[in-house]
Amino acid sequence: MKIFLVALTCFISLAQAADKPITRTMNDKNIKWGPCPEIFPQGCQLGLLHGSPEKKNTDVFLKLPPNYNLPAHTHTSAEHMTMVSGNLEVQFKDEKKIVLTPGTYAFGPAEHAHQAKCTSKDSCVLFISFDEPIDAKAYTGTI
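This note's numbering numbers the first residue of the sequence shown as 78 and each following residue consecutively.
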């Protein structure tokens, strides 16, 4: 039993060391911004906040320039979203359009088609937490 407790204590210590607390703002110079998946027009950016896009439980900032149209798409993962800056008009399949403003939370179910448009004069920044690895698949049906 003592060996188990010692091993468990070591494992917990290693797990805690690997997952340190972080704080980020959308203007953090340590965020590495990169392009969105190729299905989206140029100008869309993703900033990795926590995790790895190929693994579960990843957090990102999505940045869209003013008047940017994010075409209809789906994700394998559900999305937990909070608007950070700007106004984002979002249309989920078979739902009314909604406008996300700073501080607004939205949930997007897995495989639920949606599209969006940044309607602000400044860039839109949206925090997204993905449960599953990040992907985006073009959707050609009617929203």
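Glycine is no exception: its CB is placed at the ideal position from the N, C-alpha and C atoms.
- Less than 8 Å divides the Cβ of Thr153 from the Cβ of Ala187.
- Burial check for Val137: the Cβ neighbour count within 10 Å reaches 16 or more, so the residue is buried.
- In the structure shown, the three-state DSSP call for Gly163 is coil.
- Within the model, the alpha-carbon separation for Leu123 versus Val161 is close to 14 Å.
- Under the criterion of beta carbons closer than 8 Å, Thr159 and Ile211 do not qualify as touching, at roughly 17 Å.
- Note on geometry: alpha-carbon atoms of Lys173 and Lys198 lie some 23 Å from one another.
- Here Gly163 is buried: its Cβ has 16 or more other Cβ atoms, across all protein chains shown, within 10 Å.
- Boundaries of the beta strand (DSSP E) around Gly124: Gln122 to His127.
- For Asn146, the closest C-alpha among the options Ser206, Ser200, Gly218 and Ile205 is that of Ser200.
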